[in-house]
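For reference, the structure discussed in these notes is given below.
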Amino acid sequence: MQASPVTSSASPDRLVPATRSKELGKDDFLQLLVTQLRHQDPLHPMDGTQFTAQLAQFSSLEQLTRMQSSLGDVLIAQMSTANLAATSLLGKTIKAAGDSVSVKDGKASPISYTLAQAAASVSIQIYDAKGVLVRTITKGSQPAGDQQIAWDATDDQGKTVPEGAYTVKAVATGPKGETVGITVYQTGKVSGVTYQGGVAYLLLGQQKVQMGQILEVFGS
316 MQASPVTSSA SPDRLVPATR SKELGKDDFL QLLVTQLRHQ DPLHPMDGTQ
366 FTAQLAQFSS LEQLTRMQSS LGDVLIAQMS TANLAATSLL GKTIKAAGDS
416 VSVKDGKASP ISYTLAQAAA SVSIQIYDAK GVLVRTITKG SQPAGDQQIA
466 WDATDDQGKT VPEGAYTVKA VATGPKGETV GITVYQTGKV SGVTYQGGVA
516 YLLLGQQKVQ MGQILEVFGS
């Protein structure tokens with residue numbers, strides 16, 4: 316007699332185990348522990364040390380969960396405080412770390428920088444959003460400390476540049492040709508506050524400044 320082939324009536328889809336999350340929460344951990352106790356061999360019960368260790372793990376997991384919740388609350392409170400503080404700076408002039416300069420209505424914001432020591436010459440290079448050099452401004456001897464120069468919002472050919480944000484790079488040299496430390500920063504009056512991803516940004520024209528970038532506040 317010819318043997319009939321063995322077939323299965325189960326659908327292939329039923330043979331594929333369901334995908335579950337690889338992360339165990341505190342409820343899953345407790346359920347596993349209870350199941351382990353329920354099915355342990357009465358003749359070989361769980362070792363006391365092992366049981367204590369598992370309870371300690373559960374306690375640590377519970378504490379970690381509470382800590383994460385508390386940290387989340389603290390973070391929300393800090394963000395709310397920072398956002399409220401940002402609005403109090405409206406209309407005030409600030410000095411902030413950054414190398415941006417903005418152009419609007421044919422006018423550019425001032426270019427500010429600090430010299431670590433007296434310089435024989437200073438070269439200011441201005442780049443557009445694509446990284447193209449649009450203007451180079453050269454200054455002669457300048458003393459150490461804060462400096463500020465005006466840019467007329469034109470390129471090296473004398474044409475007015477489009478509105479937007481530009482990047483400033485500065486190089487300073489001393490009387491013997493040595494490099495002098497120079498730091499570019501931003502100054503301007505806060506004209507508004509915008510929020511992105513829960514973070515407050517101060518608006519200096521078209522420039523965006525975070526609270527952590529502020530170096531000085533000069534008032535209105």
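Take any residue in the sequence shown, note its place counting from 1, add 315, and you have its number in the numbering used here. The beta-carbon is built from N, C-alpha and C at its ideal position, and this holds for glycine as well. This structure is a prediction, so every number in the text was calculated from the model and none was measured.
Legend entry - Pair within 8 Å by beta-carbon distance, Val495 and Thr502: Residue mapping note: residue 495 aligns to position 180 of the sequence shown, counting from 1. Residue mapping note: residue 502 aligns to position 187 of the sequence shown, counting from 1. Contact: no.
Legend entry - Supposed close pair Tyr428, Val499 - CB separation, criterion 8 Å: In the sequence shown, residue 428 corresponds to position 113, counting from 1. In the sequence shown, residue 499 corresponds to position 184, counting from 1. Their Cβ separation, rounded to whole angstroms, is 5 Å, which keeps Tyr428 and Val499 in contact under 8 Å.
Inset, instruction - Determine the direct distance from the alpha carbon of Asp414 to that of Gln298, and round the result to whole angstroms. - result: What the structure shows of the chain is the stretch from 316 to 535, and residue 298 is not part of that stretch, so it cannot be assessed.
Inset, instruction - Go ahead and label Lys445 buried or exposed: buried means 16 or more other beta carbons lie within 10 angstroms of its beta carbon, across all protein chains shown. - result: Walking along the sequence shown from the start, residue 445 turns up at place 130. Lys445 should be labelled exposed.
Inset, instruction - For Gly520, count neighbouring C-beta atoms within 10 Å of its own C-beta (all shown protein chains included) and say buried if the count is 16 or more, exposed if not. - result: Here the question's residue 520 lines up with position 205 in the sequence shown. Buried.
Legend entry - Own chain, CB closer than 7 Å to Gly421, minus 5 neighbours either side, in chain order: As a first step, residue 421 is located in the sequence shown; it is residue number 106 there, counting from the start. Here the set comprises Ala468 and Thr475.
Inset, instruction - Let me know if Lys407 comes out buried or exposed under the rule of 16 or more other beta-carbons within 10 Å of its beta-carbon. - result: Residue 407 sits at position 92 when you count from the first residue of the sequence shown. Exposed is the call here.
Legend entry - Pair within 8 Å by beta-carbon distance, Lys523 and Glu478: On the sequence shown, residue 523 is found 208 positions in, with the first residue counted as 1. On the sequence shown, residue 478 is found 163 positions in, with the first residue counted as 1. No; because the gap between Cβ atoms is not below 8 Å, this pair is not in contact.
Inset, instruction - To the nearest angstrom, report how far apart Gly527 and Ser456 are at their CA atoms. - result: Counted from its first residue, the sequence shown places residue 527 at position 212. Counted from its first residue, the sequence shown places residue 456 at position 141. Approximately 32 Å, taken between the alpha carbons.
Legend entry - Within the region 444-496, ranges of the beta strand (DSSP E) (whole runs, at least 3 residues): 448-454, 460-464 and 479-488
Inset, instruction - On the DSSP bridge assignment, give the partners of Ser415 in chain order. - result: Taking the sequence shown and counting its residues from 1, one reaches residue 415 at position 100. BP columns for Ser415 point to Thr482.
Legend entry - 8 Å Cβ cutoff met for Leu430 and Gly460: As a working mapping, residue 430 is identified with position 115 in the sequence shown. As a working mapping, residue 460 is identified with position 145 in the sequence shown. In contact: Leu430 and Gly460 (Cβ atoms closer than 8 Å).
Legend entry - Bridge partners - Gln501, DSSP secondary structure assignment: As a first step, residue 501 must be located in the sequence shown, where it is residue number 186. Looking at the DSSP assignment, Gln501 forms a beta bridge with Ala411.
Legend entry - Neighbourhood of Pro458 by C-beta distance below 6 Å, restricted to the same chain and skipping five residues each side: Numbered from its first residue, the sequence shown carries residue 458 at position 143. So the list reads Ala433, once near-sequence residues are dropped.
Inset, instruction - Measure the C-alpha to C-alpha separation of Ser506 and Thr482 and round it to an integer number of angstroms. - result: On the sequence shown, residue 506 is found 191 positions in, with the first residue counted as 1. On the sequence shown, residue 482 is found 167 positions in, with the first residue counted as 1. Their Cα atoms are separated by approximately 20 Å.
Inset, instruction - Take Asp471 and list the residues in its own chain whose beta-carbon comes closer than 6 Å to its own, dropping the five residues that flank it on each side. - result: Within the sequence shown, residue 471 is the residue found at index 156, counting from 1. Answer for Asp471: Arg450, listed in chain order.
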